[in-house]
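Here the structure comes first, spelled out in structure tokens, and everything after it is commentary.
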Amino acid sequence: MTVAPDLDEMVDLLALSRPFERTSGSTMACKVATLPLRDAIAVVVEDWADDKFRQLSAVIVRPSAPAIRSFEEIRRLYDATETAPVS
Numbered sequence: 001m002t003v004a005p006d007l008d009e010m011v012d013l014l015a016l017s018r019p020f021e022r023t024s025g026s027t028m029a030c031k032v033a034t035l036p037l038r039d040a041i042a043v044v045v046e047d048w049a050d051d052k053f054r055q056l057s058a059v060i061v062r063p064s065a066p067a068i069r070s071f072e073e074i075r076r077l078y079d080a081t082e083t084a085p086v087s
């Protein structure tokens, strides 16, 4: 049985830097915001819609579970929030 994530849990939204933005040559992630999971998912899917690289390089760090690193999982959660009640 899969446990549904707490959409009101506070998470950190990170964005990986683009290759041309890296100065040290390593993959760097920068914290964008600390938001409820529901809002972090919406930022990635809605606000970053015109920037596909940013969508694909989004990482959501949750204290209660492993980080969400794939856009497919973020998109699946986004679709689930459409039917979930706002608390």
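Each residue of the sequence shown is one higher than the one before, counting from 1 in the UniProt record's numbering. We put the CB at the ideal spot given by N, CA and C, even for glycine.
Query	Result
On the DSSP letters alone, give me the boundaries of the beta strand (DSSP E) that residue 12 sits inside.	10 to 16
Is residue 79 near residue 38, with beta carbons less than 9 Å apart?	no
Please determine, among 34, 49, 55 and 82, the residue with the shortest C-alpha to C-alpha distance to residue 62.	34
How would you write the range of the alpha helix (DSSP H) that residue 77 sits in, first residue to last?	71 to 81
Could you please give the first and the last residue of the uninterrupted alpha helix (DSSP H) stretch that includes residue 56?	52 to 56
So the candidates are 36, 32 and 44; which of them puts its Cα closest to the Cα of residue 74?	44
By DSSP, does residue 37 sit in helix, in strand, or in coil?	helix
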